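Numbering (this note's numbering), first residue to last: 3 to 502.
Here the structure comes first, spelled out in structure tokens, and everything after it is commentary.
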């Protein structure tokens, strides 16, 4: 226990004042147990008699309570917080923090985790078989990883596996020197802002956009320029004539609009970046999950000018609490990004990196992906079939066989009525998310972003039946009869990929 004696008067009086101050300013909280008198006397190099005298004085004044056979405890006192309030009054966060707080408060989704059927688009599928596999990989890695290893760029074995994987699955040629291991995609956005952007620099984003990337660049003081997307992805003809510093895109599966950037526009975007000497950030957040054939080649694979910063994450491919991702960097930026990563957190956890590297090398990673892809395809089909059966002509479905979400535009609904539908569905146990919250200029039509990663196929069918009933009841003016949800699911209808 740290207690500083003031040097005035007898030792027991000094100790009494020091302990009162610690109690009043909250360093010794109510209910906490005080050290035994012998221990505290030894720590402070005082006699035990001095400490006993201080404890007796504090007990007499009501600052501590004695419990027979247990010891002494800090009393529960109504301590004033005026000093803390004065300290808060003078706190002045930086412009970065103020912008970050604003962005956090304006997040487009309220995540209805408490509802039975939550159609949140960012909920990944959970492969329950992976839990034991990952536990074994962690145990193995813990016994084989050098505990003093500290490489800001990332474990070489993992960087090599990332290169091998990207060459096979995404058509990207890279060496381990090009790869930087990050704490997920969000750190990649933040590092990019730190390395490339000064306040006032222009960043182009898609509209609609991924809000977490938008917030990361806005917090660093970037001027954000939104460019429209359509069925072929980013409309390159509407890119600004003046060179931006960075263009952020999700070309393989636009978030949240679901379009795929066409080959013609990919080449246009690369030519634009080369002519204006700007950088492109390719966020390939779910490019692995396509259900109509092989995954598309990444934009980076077409980049002869070395202008594309490629970002991938293992969070959606494995599980969201695994905070590991990666960047494939142009050679001109590698040293700058590694330096920024080192200042940010020194390095990502080595044991987790080693476990993932071995999981990929052993083939377990791709076996897992095959199972997940097959299950996601079934869930995608269940959602689409349910929408068509229960919503019929009341929705237009943007059916892209990829990712973990679809867009359903509501026929005959304005945005106010769509919000009313969302609020009403919530009372019925169905979590819906309006597209308008992802778009900075409200779209002409009202729509919903429907995620299917966390619900089983049977739960999705029940959710779509409930969605159809909500539409019926909205059309009938909110009148409805009692409805009994199907049985057999957890509190949010969640389901992982179960063992066969």
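Note that the Cβ used here is the ideal one computed from N, Cα and C, for glycine as well.
None of these values were measured; they are calculated from a predicted model.
Distance, residue j Cα to residue i Cα
i	j	result
residue 455	residue 331	30 Å
residue 15	residue 4	17 Å
residue 168	residue 290	10 Å
residue 348	residue 283	23 Å
residue 185	residue 328	8 Å
residue 146	residue 221	40 Å
residue 87	residue 388	Bear in mind that the predicted position of residue 87 carries a pLDDT of just 49, short of 50, making it too unreliable to give a figure here.
residue 99	residue 365	43 Å
residue 58	residue 27	21 Å
residue 126	residue 437	19 Å
residue 210	residue 29	48 Å
residue 322	residue 54	53 Å
residue 190	residue 164	16 Å
residue 300	residue 96	38 Å
residue 129	residue 374	7 Å
residue 134	residue 306	42 Å
residue 77	residue 140	44 Å
residue 101	residue 199	15 Å
residue 259	residue 23	58 Å
residue 292	residue 340	32 Å
residue 137	residue 119	29 Å
residue 38	residue 73	7 Å
residue 445	residue 123	19 Å
residue 131	residue 273	45 Å
residue 7	residue 17	6 Å
Where residue i falls: helix, strand or coil (DSSP)
i	result
residue 87	Bear in mind that a pLDDT of 49 at residue 87, under 50, signals an unreliable position, so the number given afterwards is only what the model happens to contain. Note: residue 87 maps to helix in three-state DSSP.
residue 179	helix
residue 245	coil
residue 66	strand
residue 53	helix
residue 407	strand
residue 128	coil
residue 235	strand
residue 251	strand
residue 76	strand
residue 430	coil
residue 174	coil
residue 41	helix
residue 204	strand
residue 48	coil
residue 504	Residue 504 cannot be examined here, being either before or after the span of the chain that is shown, 3 to 502.
residue 390	helix
residue 119	strand
residue 397	strand
residue 29	coil
residue 468	helix
residue 262	coil
Residue from the options with nearest C-alpha to residue i
i	options	result
residue 10	3, 38, 20	20
residue 314	379, 48, 181, 339	181
residue 183	135, 354, 33	354
residue 242	229, 59, 477	229
residue 451	400, 52, 153, 239	400
residue 223	453, 247, 303, 266	247
residue 161	357, 405, 212	357
residue 253	259, 190, 239, 235	235
residue 384	129, 148, 403	403
residue 351	119, 304, 156	156
residue 201	208, 178, 226	226
residue 453	382, 396, 444, 470	382
residue 287	12, 298, 280, 139	298
residue 250	447, 335, 219, 415	219
residue 245	269, 277, 264, 259	277
residue 80	33, 52, 42	33
residue 264	102, 232, 336	232
residue 439	479, 336, 212	212
residue 142	479, 360, 395, 390	360
residue 192	412, 443, 392, 346	346
residue 304	217, 179, 262, 174	174
Whole-number beta carbon distance between residue j and residue i, since they are thought to touch under 8 Å
i	j	result
residue 206	residue 428	Contact flag wrong, Cβ pair sits at about 35 Å.
residue 338	residue 237	Not really, about 31 Å apart at Cβ, beyond 8 Å.
residue 215	residue 285	7 Å
residue 468	residue 432	5 Å
residue 426	residue 476	6 Å
residue 420	residue 380	Not quite, the Cβ-Cβ distance comes to about 28 Å (not below 8 Å), so this is no contact.
residue 275	residue 308	About 10 Å separates the two Cβ atoms, so there is no contact after all.
residue 13	residue 48	6 Å
residue 479	residue 392	Between residue 392 and residue 479 the Cβ distance is about 19 Å, and since that is not below 8 Å, they are no contact.
Proximity test, residue i beta-carbon vs the ligand HEM heavy atom, cut-off 7 Å
i	result
residue 219	Ligands in the displayed structure: none, and consequently the ligand HEM is not present.
Proximity test, Cβ basis, 8 Å: residue i and chain B
i	result
residue 303	Absent from the structure: chain B. Only one protein chain is present.
Check your understanding: What are the uninterrupted segments assigned as beta strand (DSSP E) that are 3 or more residues long and contained completely in the region 293-352, given in chain order?
Key -> 310-315, 327-330
Practice item. List in chain order: all unbroken beta strand (DSSP E) runs of 3+ residues lying wholly within the region 432-464. Key: 449-453
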